[in-house]
Amino acid sequence: MAKIKIDKERCKGCLLCVNFCPHGLVKKGFQLNKRGINYVEFLDKDNACLGCMQCAIICPDACIEVYR
Amino acid sequence: MKKIFKHPQSLRKVSTHYCAGCGHGIAHRLIAEVVDELNIREKVIGVAPVGCAVVAYDYWNFDCCEAAHGRALAVATGIKRCRPQNIVFTYQGDGDLAAIGTNETIHAANRGENLTAIFINNAVYGMTGGQMAPTTLIGQKTATTPYGREANYHGWPLKISEILALLKGVVYVERVSLHAPLEVLKAKRAIKQAFFNQIEKRGFSLVEILSPCPTYWQMSPKEALDWIKEVMTKEFPLGRIK
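Residue numbers (the numbering used here), protein chains in the order written: chain A, 1 to 68; chain B, 69 to 310.
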């Protein structure tokens, strides 16, 4: 049981977390933040997130926090 | 639930000016994490370069100094000699450390100054518009080499880490990359070792980080990481050099 928290205002939409999430739980969103960027969203309906931290380690803007 | 990955205390929670997918953000965070883990935030002094990372002092939450183009290691030498109790590091790009500042770099390393240099190698001049840097690969297209870099006209990519490894004053040189989460962790370990060498007063340490520049490589952030893995690491092999 784990989850991540994305700081949507600092997300730049580079989608590196989307590419590295082993379960595909991070997806490009349809909402825009204040800077006009499609920030990423965390959708985990089946509690599949392991808290492997790959998304947080690769995030260039340090906007992901991981809870486990 | 416990927070297992948090924003480092030494990194300000502000939005950086870097492009989406830029490796500078990862490198800033790694340095901030290492400073937190070694508990040296009150005595570390960073020297920011000229280049994309020119306002790095706005992002780190510790003391910083700004140097003229290429002169970060000369400024760091002055700070370290006046204040030997502080931990001084420079953060420089390839245009700063390997082009205009080669002289300062080689002499600071040769004097064996007790400093840590973090060298971000992204194979182009990012701040000025993607021109050819000394580290640009053969065949790579940039703003000033629109048909690709040619060895007989532009010369070969400069391998500053291998050059510095020959000098006696240098104790530690490692080349790491940011192309995958595992490599990012290796990069963090190398940065930690470089800071630790300075705390132990061993001499000059340099960590070269291969970093993506998606904007001027004209790729998506993921393609840029793949390009590092498939092309750049062939010219700049990863691992400990000294």
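Cβ atoms here follow ideal geometry from the backbone N, Cα and C, with glycine treated the same way. Only a predicted model underlies this, so the values are computations on that prediction, with no experimental measurement involved.
Local Cβ density within 10 Å of residue i, reported as buried at 16 or more and exposed below that
i: residue 162 of chain B; result: buried
i: residue 34 of chain A; result: exposed
i: residue 151 of chain B; result: exposed
i: residue 61 of chain A; result: buried
i: residue 164 of chain B; result: buried
i: residue 73 of chain B; result: buried
i: residue 228 of chain B; result: buried
i: residue 12 of chain A; result: buried
i: residue 23 of chain A; result: exposed
i: residue 101 of chain B; result: buried
i: residue 172 of chain B; result: buried
i: residue 69 of chain B; result: exposed
i: residue 32 of chain A; result: exposed
i: residue 246 of chain B; result: buried
i: residue 189 of chain B; result: buried
Reduced DSSP category for residue i - H, G, I as helix; E, B as strand; rest coil
i: residue 243 of chain B; result: strand
i: residue 46 of chain A; result: coil
i: residue 94 of chain B; result: helix
i: residue 163 of chain B; result: helix
i: residue 224 of chain B; result: coil
i: residue 18 of chain A; result: helix
i: residue 130 of chain B; result: coil
i: residue 101 of chain B; result: helix
i: residue 300 of chain B; result: helix
i: residue 28 of chain A; result: strand
i: residue 70 of chain B; result: coil
i: residue 293 of chain B; result: helix
i: residue 148 of chain B; result: helix
i: residue 79 of chain B; result: strand
i: residue 284 of chain B; result: helix
i: residue 118 of chain B; result: coil
i: residue 183 of chain B; result: coil
i: residue 9 of chain A; result: coil
i: residue 110 of chain B; result: coil
i: residue 259 of chain B; result: helix
i: residue 38 of chain A; result: strand
i: residue 279 of chain B; result: coil
i: residue 208 of chain B; result: coil
Member of the options whose CA lies at the smallest distance from the CA of residue i
i: residue 85 of chain B; options: B:123, B:133, B:260, B:266; result: B:123
i: residue 235 of chain B; options: B:186, B:174, B:196, B:290; result: B:174
i: residue 78 of chain B; options: B:113, B:117, B:201, B:188; result: B:113
i: residue 110 of chain B; options: B:117, B:131, B:94; result: B:131
i: residue 139 of chain B; options: B:115, B:129, B:127, B:121; result: B:115
i: residue 26 of chain A; options: A:50, A:58, A:44, A:51; result: A:44
i: residue 119 of chain B; options: B:81, B:92, B:145; result: B:92
i: residue 309 of chain B; options: B:230, B:286, B:104, B:250; result: B:230
i: residue 302 of chain B; options: B:264, B:278, B:117, B:288; result: B:278
i: residue 307 of chain B; options: B:104, B:95, B:244, B:149; result: B:244
i: residue 15 of chain A; options: A:49, A:66, A:50, A:40; result: A:40
i: residue 361 of chain B; options: B:183, B:128, B:167; result: Outside the displayed span of chain B (69 to 310) sits residue 361 of chain B, for which this structure offers no information.
i: residue 166 of chain B; options: B:254, B:200, B:252; result: B:200
i: residue 144 of chain B; options: B:137, B:305, B:157; result: B:157
i: residue 268 of chain B; options: B:133, B:215, B:240; result: B:240
i: residue 94 of chain B; options: B:108, B:224, B:128; result: B:128
i: residue 63 of chain A; options: B:153, B:87, B:82, B:99; result: B:82
i: residue 76 of chain B; options: B:238, B:99, B:186, B:189; result: B:99
i: residue 104 of chain B; options: B:191, B:80, B:304; result: B:80
i: residue 186 of chain B; options: B:117, B:284, B:168, B:149; result: B:117
i: residue 204 of chain B; options: B:88, B:276, B:225; result: B:225
i: residue 233 of chain B; options: B:254, B:252, B:248, B:275; result: B:275
Inter-residue Cα distance where the pair is residue i and residue j
i: residue 282 of chain B; j: residue 159 of chain B; result: 20 Å
i: residue 193 of chain B; j: residue 257 of chain B; result: 27 Å
i: residue 106 of chain B; j: residue 155 of chain B; result: 11 Å
i: residue 97 of chain B; j: residue 147 of chain B; result: 23 Å
i: residue 273 of chain B; j: residue 290 of chain B; result: 30 Å
i: residue 19 of chain A; j: residue 38 of chain A; result: 16 Å
i: residue 56 of chain A; j: residue 29 of chain A; result: 17 Å
i: residue 222 of chain B; j: residue 8 of chain A; result: 43 Å
i: residue 54 of chain A; j: residue 250 of chain B; result: 8 Å
i: residue 202 of chain B; j: residue 196 of chain B; result: 15 Å
i: residue 280 of chain B; j: residue 270 of chain B; result: 31 Å
i: residue 134 of chain B; j: residue 121 of chain B; result: 10 Å
i: residue 59 of chain A; j: residue 137 of chain B; result: 28 Å
i: residue 215 of chain B; j: residue 288 of chain B; result: 21 Å
i: residue 218 of chain B; j: residue 300 of chain B; result: 16 Å
i: residue 263 of chain B; j: residue 286 of chain B; result: 34 Å
i: residue 66 of chain A; j: residue 242 of chain B; result: 29 Å
Within-8 Å CB hit, residue i to chain E
i: residue 252 of chain B; result: Considering every chain present, this structure includes no chain E. Its protein chains are A and B.
Checklist entry - Taking one C-beta from the stretch 205 to 224 of chain B and one from the stretch 165 to 181 of chain B each time, how about it: are there three or more such pairs within less than 8 Å? => result no
Checklist entry - Is there contact here, the stretch 257 to 269 of chain B with the stretch 292 to 304 of chain B, by at least three beta-carbon pairs under 8 Å? => result no
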